[in-house]
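Notes to accompany the following structure.
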Amino acid sequence: MLAAALLGVPIASAHGLDAPQHQLYRMVDLPLEGGDTIKDFAISYVTHGTLNADKSNAILTTTAIGGNHHRIDFLIGPGKALDTNKYFIVASDAIGNGLTTSPSNSVSRHGTAFPHFGIRDMVESPKRLLDHLGITHLVAVAGASMGGMQALQWGVSHPGFMDTLIALTPMARTAPWSIAVNEATRKALMLDPAFKDGAYDRQPEQGWRLRADILQVLAARTPEALRGIAPRPLDILPWIQGQEEAVLKTGFDANDWIAQTWAYDRHNIGETPGFSGDHLKALAAIKARTLIITGGNLDLYNPVEEAREAGGYIPQASVVAVPSVQGHTTATATKAADVDYMNRTVRDFLDAAGPRGR
């Protein structure tokens with residue numbers, strides 16, 4: 007099952023015929039930070055470009071909530087910020103996204119029986135993949151939204167493993183606002199009679215429609231963005247219906263979404279062993295040069311204040327706001343001007359970090 011969108015917002019493309027080969031690395035079992043284990047674990051990924059002889063040109067990309075390895079395709083390719091003529095890109099899928107082992111595809115612990123996992127578990131699974139590939143150091147870890155949260159966590163969990171971090175619309179510790187949004191989306195799905203306490207035989211369509219209204223219409227955009235979409239105000243209503251239809255077409259699974267939001271809500275890099283819950287202390291321990299990109303000055307899913315705070319405590323961090331009114335949706339392929347700005351910003355950041363690649 008291929009989830010083709012972040013937050014129901016179409017990404018550059020689904021996994022088409024011209025896309026890199028989809029791969030699985032089977033690890034047998036994945037121990038989780040909470041003490042449980044995911045049995046028969048396999049991580050999904052694709053690669054772009056060529057790994058050089060000394061394996062020094064690798065970049066890892068991480069996925070957003072509800073998204074897949076296509077999440078930041080708009081940054082990947084020849085001449086783009088993550089230039090495949092220079093870098094070897096390992097684009098990984100997060101636990102619970104329906105491609106990597108998830109509630110929806112687990113045989114041994116299907117659906118609501120799937121163990122709770124966290125964002126640090128999402129970091130450790132691609133770390134094992136990189137070990138398997140013989141990659142001992144990265145040029146960068148890059149991701150957006152929950153992928154950006156994973157990028158910051160990489161900087162705390164494995165501080166010497168990468169030169170740089172590229173975190174788009176991230177948080178170091180999940181904000182109350184974000185948790186409130188996620189709770190509303192969970193209730194939208196769980197209160198649909200078709201949900202059947204997670205034992206559904208078809209996706210809860212009405213729940214997904216309401217989840218789309220909450221998330222990508224209200225939380226992932228801004229009032230100004232919607233004004234641009236609907237100069238005649240009532241035109242927003244058919245546009246909302248189109249967003250609902252787009253979500254239904256992604257094929258994302260309700261139990262997968264709920265499991266990922268559970269991990270999202272409980273994230274705090276300060277809970278990394280050694281930091282006693284202090285997320286500011288954990289941020290200060292990041293060694294990698296860090297680029298944080300925010301969705302303009304207003305993000306109604308991952309508040310920009312969280313990203314700015316993180317940038318203020320990471321020793322070598324730059325915080326850049328995209329000149330956009332799109333909010334959280336800025337860090338997608340939605341607007342060409344935003345994509346161009348992010349590519350220039352990330353390319354300049356990597357160039358300034360020093361020569362890498364072949």
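Residue numbers (our numbering): 7 to 364.
Quick reminder that beta carbons are idealized off the backbone N, C-alpha and C, glycines included.
- request: Using a threshold of 8 Å, state whether the C-beta atoms of I95 and G55 are closer than that.
  value: Within the sequence shown, residue 95 is the residue found at index 89, counting from 1. Within the sequence shown, residue 55 is the residue found at index 49, counting from 1. At a Cβ-Cβ threshold of 8 Å, I95 and G55 count as neighbours.
- prompt: Should E211 be labelled buried (16 or more other beta-carbon atoms within 10 Å of its own) or exposed?
  reply: Your numbering for residue 211 matches position 205 in the sequence shown. Per the 10 Å Cβ criterion, exposed.
field: Per DSSP, cross-strand counterpart(s) of L240
entry: For the purposes of this step, residue 240 is taken as the residue at position 234 of the sequence shown. L240 is not bridged to any residue.
message: Rounded to whole angstroms, what is the Cα-Cα separation between T90 and R233?
response: For this step, residue 90 is matched to residue 84 along the sequence shown. For this step, residue 233 is matched to residue 227 along the sequence shown. Distance between the alpha carbons of T90 and R233: 37 Å.
query: Does the region 236-253 touch the region 332-351, meaning 3 or more C-beta pairs lie closer than 8 Å?
result: no
DSSP state of I292 mapped onto helix, strand, coil: Translated into positions along the sequence shown, residue 292 becomes position 286. The answer is coil: DSSP assigns I292 none of H, G, I, E or B.
Burial state of S282, where buried means 16 or more other Cβ atoms lie within 10 Å: Start at 1 with the first residue of the sequence shown, and residue 282 comes out as number 276. It is exposed - the Cβ of S282 has fewer than 16 other Cβ atoms within 10 Å.
query: Cα-Cα, which of H75, K61, M33 and V34 is closest to Q27?
result: By 1-based counting over the sequence shown, the position of residue 27 is 21. Checked all of H75, K61, M33 and V34; the closest Cα to Q27 is H75.
- prompt: Nearest-angstrom Cα distance between V129 and P239?
  reply: As a first step, residue 129 must be located in the sequence shown, where it is residue number 123. As a first step, residue 239 must be located in the sequence shown, where it is residue number 233. V129 and P239 have their C-alpha atoms roughly 43 Å apart.
Classification of P176 by the beta-carbon crowding that lies within 10 angstroms, buried from 16 upward: Looking up residue 176 in the sequence shown gives position 170. Here P176 is buried, its C-beta having at least 16 other C-beta atoms within 10 Å.
query: Is it buried or exposed for E277, if we count other Cβ within 10 angstroms and need 16 for buried?
result: Residue 277 sits at position 271 when you count from the first residue of the sequence shown. It is buried - the Cβ of E277 has at least 16 other Cβ atoms within 10 Å.
field: A342 in three-state terms, based on DSSP
entry: As a position in the sequence shown, residue 342 is number 336, starting the count at 1. A342: helix per DSSP, three-state reduction.
- request: Check the DSSP bridge columns for G179 and list the partner residues they point to.
  value: Numbered from its first residue, the sequence shown carries residue 179 at position 173. It is worth fixing the name first, because residue 179 is Arg in this sequence and not Gly. Beta-bridge pairing links R179 to N274.
message: Check whether the region 140-148 and the region 322-332 are in contact - that is, three or more C-beta pairs closer than 8 Å.
response: no
- request: Determine the extent of the alpha helix (DSSP H) in which S282 is found, giving its start and end residues.
  value: Position 276 of the sequence shown holds residue 282. Careful: S282 lies outside any alpha helix (DSSP H) and carries neither H nor E.
task: Return helix, strand or coil for Y93, following the three-state DSSP convention.
output: Here the question's residue 93 lines up with position 87 in the sequence shown. Note: Y93 maps to coil in three-state DSSP.
- prompt: Any idea which residues DSSP pairs Q29 with across the strands?
  reply: Position 23 of the sequence shown, counted from the start, is the residue given in the question as residue 29. For Q29, which the question treats as bridged, DSSP gives the partners Y51.
task: Could you tell me the distance, in whole angstroms, from the CA atom of A265 to the CA atom of A119?
output: For the purposes of this step, residue 265 is taken as residue 259 along the sequence shown, with counting starting at 1. For the purposes of this step, residue 119 is taken as residue 113 along the sequence shown, with counting starting at 1. Distance between the alpha carbons of A265 and A119 is about 11 Å.
task: Could you spell out the range, first to last residue, of the alpha helix (DSSP H) harbouring L139?
output: Working through the sequence shown from its first residue, we reach residue 139 at position 133. Residues I125 to L139.
task: Taking only the alpha-carbon atoms, compute the straight-line gap between S184 and P309 and give it to the nearest angstrom.
output: Taking the sequence shown and counting its residues from 1, the one referred to as residue 184 is at position 178. Taking the sequence shown and counting its residues from 1, the one referred to as residue 309 is at position 303. Taking the straight line from one Cα to the other gives about 8 Å.
query: Roughly how many angstroms lie between the CA atoms of D207 and P121, to the nearest whole one?
result: For the purposes of this step, residue 207 is taken as residue 201 along the sequence shown, with counting starting at 1. For the purposes of this step, residue 121 is taken as residue 115 along the sequence shown, with counting starting at 1. Rounded to whole angstroms, D207 to P121 spans 21 Å at the Cα level.
field: For T106 and L8, the rounded distance between their alpha carbons
entry: The count along the sequence shown starts at 1 and reaches residue 8 at position 2. The count along the sequence shown starts at 1 and reaches residue 106 at position 100. With a pLDDT of 29 at L8, under the threshold of 50, the modelled position of this residue cannot be trusted; read the value that follows with caution. Taking the straight line from one Cα to the other gives about 10 Å.
field: Other residues of its chain near L306: CB distance less than 6 Å, five sequence neighbours each side excluded
entry: As a working note, residue 306 is residue 300 in the sequence shown. Cβ neighbours of L306 beyond the five flanking positions: A225 and G333.
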